[in-house]
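Inspection log for the structure reproduced underneath, given as structure tokens.
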């Protein structure tokens, strides 16, 4: 998936906000194999039922640009590379919780 494909992929996969006919504000696509994402559930960097990856993953982050009801939802896509945090159940990722945000410093 490429960052310019947000609209197309979200529409094809019927991704909406909480299974209702509303545009989702943000959706993150992890550009990795099922095995690579599942491996995060075996990482020892765990807090409660959340697991933080020890390596960075390539991501496409799609943020809603315009639209409320599906269709038309219009997204801006951005490439990124960050560690991810997933919820796991019985060794399988069941929810993408978040990505590790890099610390931002002000230029002085």
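Numbering (the UniProt record's numbering), first residue to last: 1 to 108. Where is the CB? At the ideal position from N, CA and C, for every residue including glycine. The structure displayed is predicted, hence computed values, not measured ones.
Outcome for residue 108 when other beta-carbon atoms lying within 10 angstroms are tallied against a minimum of 16: Residue confidence for residue 108 is low, a pLDDT of 30 falling below 50, so the modelled location carries little weight; the figure read from the coordinates is stated next. Result: exposed.
query: Quick one: any contact between the stretch 16 to 27 and the stretch 41 to 54, if contact means 3 or more CB pairs under 8 Å?
result: no
query: Using 8 Å as the threshold, is the stretch 27 to 39 in touch with the stretch 1 to 19, meaning 3 or more CB pairs across them?
result: yes
Closest by C-alpha distance to residue 59, when choosing among 75, 91, 84, 92: 84
query: Would the beta-carbon of residue 60 be found less than 7 Å away from any heavy atom of the ligand GTP?
result: The ligand GTP is not among the ligands present in this structure, which contains no ligands whatsoever.
- prompt: residue 76: which of 87, 90, 66 sits nearest, CA to CA?
  reply: 66
query: With which residues is residue 93 paired in a DSSP beta bridge?
result: Its beta-bridge partners are 88.
query: Going by beta carbon distance, what residues of the same chain come within less than 8 Å of residue 21, once the five residues before and after it are set aside?
result: 69, 70
message: Between the alpha carbons of residue 86 and residue 48, how many angstroms are there, rounded?
response: 11 Å
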